[in-house]
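Participant:
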Amino acid sequence: ASLPTPQSHPLHANISPSDPSSAIDRAMAARILSFLPIPTASSRSSAPVKSISSLSPPPNHHAVRLRSFLIAIPISVAPSLLFPRPSLRSAASVVSILPTAKPERASAEKLPSNGGGNEWDRWSLRAIKAFGMAELEARKLKYPKTGTEALLMGILVEGTSETAKFLRANGITVFKLREETVKLLGKSDMYFFSPEHPPLTEPAQRALDWAVDEKLKSAGEDGEITTAHLLLGIWSEKESAGHKILASLGFDDEKASELAKSVSV
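Per full-length UniProt numbering, the sequence shown starts with residue 1, numbered consecutively.
Structure (structure tokens):
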């Protein structure tokens, strides 16, 4: 028995050289190939050859494998390049900003450590995290600075401190804070981009200074500056956005005294 010729093979039964659709397909394929570079002998010898490892993403990235539908070449794309993560301060950089001395010796630009002690001993870890979250909340709302309202949201976003639990027990949540903040301060321009680390407003800086001063008055050099000191510092700024928002949500001097007693401020 003789082998079937290409014309009689079942796979070619419906294909004809004069078929218009096949002619169009061949023309499209030829046009696509005309755009692809064809290396010559001279270009292969003169052009430096990059190793595959130099084109691959860093080992710490979990690369997304993509494939070109034209030339079937795998492409590695790092997810962090496609979806950049918001920048958040490290704990060490937050400590360098938070005041560790009495207000008269503190500065928003350069904040020294008092007594030559370790700066980590001044602020509690939860307070440091709350401050970092406050900066992030200010950026989410596209505000140019970190205000007392952002410090409040930072305390609740951190969420594990006794102060955050006290606020939630009194019906004050981060969602209500955001809503009241927008009502009071309005929305920022959608095309405005906040600084990577929005600086403190004057009321926010005074609230931090109050927290430091009050802690030193009550406990001296012992103990830490906590989120409770921070919240009471915000409450002490009567004209600040944070104070007004707390008052609108039912926080008052009686609750402030209750918080102060519960944490032995």
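Idealized CB from N, CA, C, for every residue including glycine.
If we ignore side chains and look at the alpha-carbon of each, how far apart do Gly132 and Gly154 end up?
Facilitator: As a first step, residue 132 must be located in the sequence shown, where it is residue number 132. As a first step, residue 154 must be located in the sequence shown, where it is residue number 154. Straight-line Cα distance between these residues: approximately 7 Å.
Participant: Taking three-plus beta-carbon pairs below 8 Å as touching, is the region 164–183 in contact with the region 217–224?
Facilitator: No contact exists between the region 164–183 and the region 217–224.
Participant: Looking at C-alpha atoms only, which residue of Leu184, Glu239, Asp213 and Leu230 is the closest neighbour of Leu125?
Facilitator: Within the sequence shown, the letter at position 125 stands for residue 125. It is Leu230.
Participant: In angstroms with no decimal places, state the Cα-to-Cα distance between Ala241 and Glu149.
Facilitator: Taking the first residue of the sequence shown as position 1, residue 241 is located at position 241. Taking the first residue of the sequence shown as position 1, residue 149 is located at position 149. Those two C-alpha atoms are separated by around 6 Å.
Participant: Identify the residues that DSSP records as bridge partners of Leu200: which are they?
Facilitator: Translated into the one-based positions of the sequence shown, residue 200 becomes position 200. Leu200 is bridged to Thr146.
Participant: Would you kindly work out how many angstroms separate the C-alpha atoms of Glu258 and Met190, rounded to a whole number?
Facilitator: Position 258 of the sequence shown, counted from the first residue, corresponds to residue 258. Position 190 of the sequence shown, counted from the first residue, corresponds to residue 190. One C-alpha to the other measures close to 40 Å.
Participant: For Ile172, does the three-state DSSP call read helix, strand or coil?
Facilitator: For the purposes of this step, residue 172 is taken as residue 172 along the sequence shown, with counting starting at 1. Ile172 falls in the coil class under three-state DSSP.
Participant: What does DSSP give as the partner residues of Ile225 in its beta bridges?
Facilitator: Walking along the sequence shown from the start, residue 225 turns up at place 225. Its beta-bridge partners are Trp123.
Participant: Comparing alpha-carbon positions, which option in Arg122, Lys142 and Ala127 lies nearest Pro199?
Facilitator: In the sequence shown, residue 199 corresponds to position 199, counting from 1. Of Arg122, Lys142 and Ala127, the residue nearest in Cα terms is Lys142.
Participant: Out of Glu237, Leu185 and Phe193, point me to the one whose CA is closest to Ala207's CA.
Facilitator: Here the question's residue 207 lines up with position 207 in the sequence shown. It is Glu237.
Participant: So what does DSSP say about Phe131, is it helix, strand or coil?
Facilitator: For the purposes of this step, residue 131 is taken as residue 131 along the sequence shown, with counting starting at 1. Here Phe131 sits in helix by DSSP.
Participant: Out of Leu249, Pro203 and Asp209, which has the shortest C-alpha to C-alpha gap to Glu179?
Facilitator: Locating residue 179 in the sequence shown gives position 179, where the first residue counts as 1. It is Leu249 whose Cα lies nearest to the Cα of Glu179.
Participant: Which residue comes first and which comes last in the alpha helix (DSSP H) that contains Glu254?
Facilitator: By 1-based counting over the sequence shown, the position of residue 254 is 254. Element bounds for Glu254: Asp253 to Ser262.
Participant: For Gly147, which residues of its own chain have a beta-carbon under 6 Å away from its beta-carbon, when the five flanking residues on both sides are left out?
Facilitator: The residue you call residue 147 lines up with position 147 of the sequence shown. Result list for Gly147: Thr201, Ala204 and Ala241, in chain order.
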